[in-house]
C-alpha cells in the first residue's frame, strides 16, 4: 500500500492559514503526549520508524527519483543533487542511525539540581522537552529522519520544512514515520512536514512564537541568516566553521604536521575542518615546509600570504577573501603572524567562533589562547576534528552550536530539552 | 565636581550611526578585559560603585527631580512616577544591593562538566561571560545600577537603554558607575547608556546581532513583546505572571487559607503573586468561604465566576478578561472547575507559564499536576511567592525567565554566562 494514497492537501496552491495553524495545534497536542511518554514507548516508536523505512525503501527511492529528476531540470548543482540522493544503501544508513538513538540515554526527567530549603520546601530542576521543535533545512532528506528521531527521543514534536527540492521524498519519509508512530501508540502528528504550505509556511513557522518552542535551521549560511533574522521563535544557530590552527613558535614539528593534516584532509567538507593556518614568524621557516609539504602531498591547494609564499612557493597568493572563506574542500589559507597577539586578532576578525586550536609547548601561550579566544571549542595540541558530538561521547549529534545562548559547541540530546522547577511543600508560605 | 561636566554628546538630535557603533565597539573591547578580570578586581569595582553612588547622592536626586518634573508635565501615571523616583534612602538601598552582589560567588570559570577521552584528550566545559549584554527598560533608574552590577560581576559589559523618562537620572548614575570603574582599573566603557541615541538607538541595539550577545528587556508586556518581535539579538524574556493556584478536592483548609492569602496579599504587585484561583467543584462549598473570607478581610476584591459567586456572594462577577489579567493588585479571579482536567485546561489556556501551585493531599493528582503543567515553576502545597532568586538561594535575582531557551524560572548570575569547551591534547588526531 502506498504511504501517500490519501494526501491530506494538494501539494501546491494558495496558503491555507486555517489548515496550517490546525497542524501546529495538532503538533502541540502531540507534544503533550510525548512529554509524558516514557523511554520504552519512545524507543519502541524509533524501532518502528527504522522498520517502516526499510519496509518502504522502494517507495522512498522512487519518490527520491522524482525529486532528482525535477532537480536536474531545475539545474541543481551536483553537490546539492548528491545530498538530495537516497539510494537503498543510504536508506539503510538512515534507519541504522535511528536505531543508534534508541541506545542513548533519555534526557527527559533528568534531575539537574535540587535542594531542600531551611523551611522544608524541596526544589528540583528537571529536564523537560521544549514541546514543538521546528526545523528548516534544504535538500537533505536524511535530516528529515534525523531531526524527527532526535526530537522523538527527547519528547518533542517535530514540524519540518525540508524545502521544495526534496518535497516528494520528505512526504514519503514522514508518512513512513507517521505509520510507525501509529503502530507504537504515539500520535501521528508528533512528526509533520509543512512543505505543502510552501515558502509562506516557512515564514509563518518562523513567526509562530508561542506555538513553536524552538527552531533549528540547517543548511547554507544564507538560510541560517534568514532564519536568525526573521524568526520571533527562539533559534539555535548551527553555524559555519571558519576554523583556525595556530602554530606557535614552540610548536613540535611532528604534532604540527599530524594535526594540520588530520584537520584539513581527513574530511574536508565538514564544519570542524581547518580553513586557515596562522604561523608564528619565528617558526615559519622551520614548520611551513614540512607542514605544507605534507598537505601538498595530500592534494591540498595552499593559499598563502606574501611571507608564507616566500618560504613555500608551491602555493597560490591569498586574498582578503581567503581569510573569510569556509572552503569545505582541499584548500587552506596560510598566513605568517608576528606573534600570538596578531594570531588572536586575526581569529577575532575572521573566525565564526566554532573551533580554534594552537600547537605549542609554551604553557603561558596555551593558557592565553584558551582564555582569550572566544570560540565554542578552544584547543591546545589537538585536531579540530574532535569538535563533534560523537567524539565528545554524546551519542547523538544535534549540531554544533555557534551561538552563546542555551547551548555552545556540540549539542547532544539534553540540548533539545528545557527544564522546569518542581517545588514540593507541606503548607509553607513566604515570611 | 559634577559627574556630567563634559557630556560627550548632545542629548537629542539626529541618529549618529558612527558614534553609536563606536560605542558598541568600545563595549566589545571592554568585555574582553572583563572576561579575564578576576573576582577580586570585579568585587573592588562593585565596592567603588556603591561608594560613588553614595558620594554623589545629591547630584543623583537633583537629576531625578528634573526627570520627575518632566514626567509630571508629560502626564506620567502615579505608578510610573513612583518607580521613577530616587530619594536619598532609595539610593542607599540601590548601593546596598550592589554590595550584596560582592558576596555572591563569581560564576565565571566554573567547571560545568568534563572528561578525559580514551585517547587522552581532556575536555572541560567552563562558564564564560556572554560578552556584551544589552538591557532595554523603562523609567526604572534602579534597574540601571542593578543590571550594571550583575553584568559586571558576571564579566559582561552592559549597554543600557533606560528610556527617555529617566534619561537625566540614568546619565548621572552611569557617570558614577564609570568613575568607579576607572578607580578600580577597569574600562569605563564596561557600562554605557545609549539613551542619547533615542528610540533609533534602541532599535539599532535590537538588530546588533554579533555586536551584542544577549538582550534583556524589563518592563511592560508591550515593551517585552516589542523586543522579542524585533530583535535579531538573542533575548531572554522575563515575562508577566498570570499565576494560578488550584484547590483540589482533598486540599487541607488551613493550607488553602494560608497559601492563597500569602500568595495574594503579601506583595500583590510582583509577578509571583497569584492572580487566579481554581477550585474543585466538590470542595468549593467547604473551601471558598474560609479562603475568600480571609482574602476579603485583607481587602482583596474577588472576581468570581457564576458558581463561585453562588457560594461566596461578597464578590464581583468575573468576565473573560479576568482570566487573562495580571492584576498586580489586591484582586483575585476565582473559578469553580469540575475536575483536575478542567483546571489544567484553564491553566494551559490562560497561564503565562510562570508559576502554578496545587493544594492537595492526593498523591496521584499532585504527580499529574507536576508532570502536565508546563510552567517554569510547578508547586505542590507551597506559596507561589517562593518563585524568587533570593528564596531559591541564588543570591541575586536577574529576573524570572518565562521562556524555555537557556534559562527557565528564577535566574541567578550563572544564567548571565555562556560556556566554552577547553580541549587539552598532546598531539592527538582523529582516527
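Protein chains in written order, with full-length UniProt numbering: chain A, 1 to 431; chain B, 1 to 431. All residues carry an ideal CB built from backbone N, CA and C; glycine is no exception. All values derive from a computational prediction rather than experimental measurement.
Worksheet entry | Rounded C-alpha distance that separates residue 242 of chain B from residue 319 of chain A | For the purposes of this step, residue 242 of chain B is identified with residue 242 of the second chain, where counting begins at 1. For the purposes of this step, residue 319 of chain A is identified with residue 319 of the first chain, where counting begins at 1. Approximately 57 Å, taken between the alpha carbons.
Spatial distance of residue 17 of chain A from residue 194 of chain A (CA atoms)
Your numbering for residue 17 of chain A matches position 17 in the first chain. Your numbering for residue 194 of chain A matches position 194 in the first chain. Looking at the two C-alpha atoms, the distance is approximately 12 Å.
Exercise. Leaving out the 5 sequence neighbours to the left and right, which residues in its chain are closer than 6 Å to residue 11 of chain A when beta-carbon positions are compared?
Worked result: Taking the first residue of the first chain as 1, we reach residue 11 of chain A at position 11. Here residue 11 of chain A scores only 45 on pLDDT, less than 50, and its place in the model should not be relied on; the value that follows carries that caveat. Cβ neighbours of residue 11 of chain A beyond the five flanking positions: 196.
Item to complete: With DSSP collapsed to three states, give me the class of residue 326 of chain B.
Response: Along the second chain, read from residue 1 onward, the residue named residue 326 of chain B stands at position 326. Coil, per DSSP.
Residues bridged to residue 158 of chain A [DSSP beta-bridge criterion]: Residue numbering aside, residue 158 of chain A sits at position 158 when the first chain is read from its first letter. Paired residues: A/133, A/191.
- Item | 8 Å Cβ shell around residue 200 of chain B - same chain, five flanking residues per side excluded | Indexing the second chain from 1 puts residue 200 of chain B at position 200. Around residue 200 of chain B: 15.
Q) Any beta-carbon of chain A closer than 8 Å to the one on residue 328 of chain B? A) The residue you call residue 328 of chain B lines up with position 328 of the second chain. Chain A, which has no Cβ nearer than 8 Å to the Cβ of residue 328 of chain B, makes this no.
*asked:* Using beta carbons (cut-off 8 Å, strictly below), is residue 386 of chain A in contact with chain B?
replied: Taking the first chain and counting its residues from 1, the one referred to as residue 386 of chain A is at position 386. Closer than 8 Å to some Cβ of chain B, the Cβ of residue 386 of chain A qualifies, so yes.
- Task: Please report how far the alpha carbon of residue 5 of chain B lies from the alpha carbon of residue 42 of chain B, in whole angstroms.
- Result: To locate residue 5 of chain B, count along the second chain from 1; it is residue 5. To locate residue 42 of chain B, count along the second chain from 1; it is residue 42. Residue confidence is low: residue 5 of chain B scores 38 on pLDDT, short of 50, so the model does not pin down where it sits. Its coordinate-derived value is still stated next. Cα-Cα distance, rounded: 27 Å.
query: Using a Cβ-Cβ distance under 8 Å, would residue 391 of chain B count as near chain A?
result: Here residue 391 of chain B is taken as the residue at index 391 of the second chain, counted from 1. It does; some Cβ of chain A falls within 8 Å.
| query | What did DSSP end up calling residue 58 of chain A once you bin it into helix, strand or coil? | reply | Taking the first residue of the first chain as 1, we reach residue 58 of chain A at position 58. In the structure shown, residue 58 of chain A sits in a helix (DSSP, three-state: H, G or I).
Q | Validate contact between the segment 35-55 of chain B and the segment 95-102 of chain B using beta carbons, cut 8 Å, 3 pairs | A | yes
Next on the checklist: Quick check: the Cα distance between residue 184 of chain A and residue 156 of chain A, rounded to an integer number of angstroms?
Outcome noted: For the purposes of this step, residue 184 of chain A is identified with residue 184 of the first chain, where counting begins at 1. For the purposes of this step, residue 156 of chain A is identified with residue 156 of the first chain, where counting begins at 1. Their Cα atoms are separated by approximately 16 Å.
- Task: Give me the Cβ distance between residue 336 of chain B and residue 356 of chain B, rounded to the nearest whole Å; I'm assuming they're in contact under 8 Å.
- Result: On the second chain, residue 336 of chain B is found 336 positions in, with the first residue counted as 1. On the second chain, residue 356 of chain B is found 356 positions in, with the first residue counted as 1. Between residue 356 of chain B and residue 336 of chain B the Cβ distance is about 17 Å, and since that is not below 8 Å, they are no contact.
Quiz item: Does the separation of the CB atoms of residue 136 of chain A and residue 161 of chain A fall below 8 Å?
Solution: Counted from its first residue, the first chain places residue 136 of chain A at position 136. Counted from its first residue, the first chain places residue 161 of chain A at position 161. Yes, they are a contact pair.
For residue 118 of chain A, count the other beta carbons within 10 Å of its own beta carbon; 16 or more makes it buried, fewer makes it exposed. Which is it? By 1-based counting over the first chain, the position of residue 118 of chain A is 118. With fewer than 16 Cβ atoms within 10 Å of its Cβ, residue 118 of chain A is classed as exposed.
Exercise for the section: Kindly indicate the opening and closing residues of the beta strand (DSSP E) around residue 409 of chain A. Expected result: Numbered from 1 along the first chain, position 409 holds the residue referred to as residue 409 of chain A. Unbroken beta strand (DSSP E) run through residue 409 of chain A: 409-411.
request  = Take residue 388 of chain A and list the residues in its own chain whose beta-carbon comes closer than 7 Å to its own, dropping the five residues that flank it on each side.
outcome  = For the purposes of this step, residue 388 of chain A is identified with residue 388 of the first chain, where counting begins at 1. Once the five neighbours on either side are set aside, the close Cβ partners of residue 388 of chain A are 272, 397, 410.
Against chain A, with Cβ distances strictly below 8 Å, would residue 408 of chain B count as a contact? Taking the second chain and counting its residues from 1, the one referred to as residue 408 of chain B is at position 408. Cβ-Cβ to chain A under 8 Å: yes for residue 408 of chain B.
Query - Inter-residue Cα distance where the pair is residue 423 of chain A and residue 394 of chain B - result: Walking along the first chain from the start, residue 423 of chain A turns up at place 423. Walking along the second chain from the start, residue 394 of chain B turns up at place 394. Their backbone Cα atoms lie some 16 Å apart in a straight line.
_chain B contact for residue 143 of chain A (CB, 8 Å cutoff)_ = Locating residue 143 of chain A in the first chain gives position 143, counting from the first residue. False, the Cβ-Cβ gap to chain B never drops below 8 Å.
Q.
When you compare the CB of residue 371 of chain B with every CB in chain A, is at least one pair closer than 8 Å?
A. Residue numbering aside, residue 371 of chain B sits at position 371 when the second chain is read from its first letter. Cβ-Cβ to chain A under 8 Å: yes for residue 371 of chain B.
Chain-ordered neighbours of residue 424 of chain B on chain A, where CB pairs are closer than 9 Å | Residue numbering aside, residue 424 of chain B sits at position 424 when the second chain is read from its first letter. Here the neighbours are 366, 370, 379, 380, 381, 382.
| field | Sub-8 Å separation of residue 418 of chain B and residue 408 of chain B beta-carbons | value | The residue labelled residue 418 of chain B in the question sits at position 418 within the second chain. The residue labelled residue 408 of chain B in the question sits at position 408 within the second chain. The criterion of a C-beta distance shorter than 8 Å is not satisfied by residue 418 of chain B and residue 408 of chain B.
Query - Residues of its chain near residue 375 of chain A, where Cβ-Cβ distance is below 8 Å and the 5 sequence neighbours each way are ignored - result: As a first step, residue 375 of chain A must be located in the first chain, where it is residue number 375. 347, 351, 353, 354, 355, 356, listed in sequence order.
If you pair each beta-carbon of the segment 170-185 of chain B with each one of the segment 47-66 of chain B, do three or more pairs fall below 8 Å? A contact exists between the segment 170-185 of chain B and the segment 47-66 of chain B.
Status (buried if at least 16 other CB within 10 Å, exposed otherwise) for residue 53 of chain B: Sequence index remark: in the second chain, residue 53 of chain B carries index 53 (1-based). So residue 53 of chain B counts as buried.
Check: Would residue 428 of chain A count as contacting chain B if we go by Cβ distances under 8 Å?
Finding: What you label residue 428 of chain A is simply residue 428 of the first chain in a count that begins at 1. Yes, because at least one Cβ of chain B sits closer than 8 Å to the Cβ of residue 428 of chain A.
Proximal residues to residue 223 of chain A (C-beta, below 8 Å), its chain only, five neighbours per side dropped | As a first step, residue 223 of chain A must be located in the first chain, where it is residue number 223. Within its own chain, the residues whose Cβ lies closer than 8 Å to the Cβ of residue 223 of chain A, once the five positions on either side in sequence are excluded, are 136, 137, 138, 217, listed in chain order.
- [ ] Please compile the residues from chain B whose C-beta is within a distance smaller than 7 Å of the C-beta of residue 121 of chain A.
- [x] If you number the first chain from 1, residue 121 of chain A lands on position 121. Neighbours of residue 121 of chain A on chain B, chain order: 382, 386.
Give the list of continuous alpha helix (DSSP H) stretches no shorter than 4 residues that lie fully inside the segment 84-140 of chain B. Listed in chain order, the complete alpha helix (DSSP H) runs (minimum 4 residues) inside the segment 84-140 of chain B are 88-102.
Suppose the cutoff is 7 Å on Cβ atoms and the five residues either side in sequence are ignored; what does the same chain contact list for residue 83 of chain A look like?
Residue numbering aside, residue 83 of chain A sits at position 83 when the first chain is read from its first letter. Here residue 83 of chain A has 139, 140 as same chain residues with Cβ atoms under 7 Å from its own Cβ, once five neighbours each way along the sequence are excluded.
Taking Cβ-Cβ distances shorter than 8 Å, what residues in chain A pair up with residue 404 of chain B?
Translated into the one-based positions of the second chain, residue 404 of chain B becomes position 404. Neighbours of residue 404 of chain B on chain A, chain order: 130, 131, 213, 214, 234, 418.
Alpha-carbon to alpha-carbon, residue 175 of chain B and residue 2 of chain B: Here residue 2 of chain B refers to the residue found at position 2 when the second chain is read from its first residue. Here residue 175 of chain B refers to the residue found at position 175 when the second chain is read from its first residue. Legend: pLDDT at residue 2 of chain B = 40, less than 50; position of this residue unreliable, value from coordinates given subsequently. Cα to Cα, residue 2 of chain B sits roughly 10 Å from residue 175 of chain B.
> residue 375 of chain A CB to nearest chain B CB: under 8 Å?
Replying inline: Sequence index remark: in the first chain, residue 375 of chain A carries index 375 (1-based). With 8 Å as the cut-off, residue 375 of chain A counts as an interface residue toward chain B.
Next on the checklist: Can you check which of these residues, B/404, B/341, B/163, is closest to residue 203 of chain B by C-alpha distance?
Outcome noted: For the purposes of this step, residue 203 of chain B is taken as residue 203 along the second chain, with counting starting at 1. Answer by Cα proximity: B/163.
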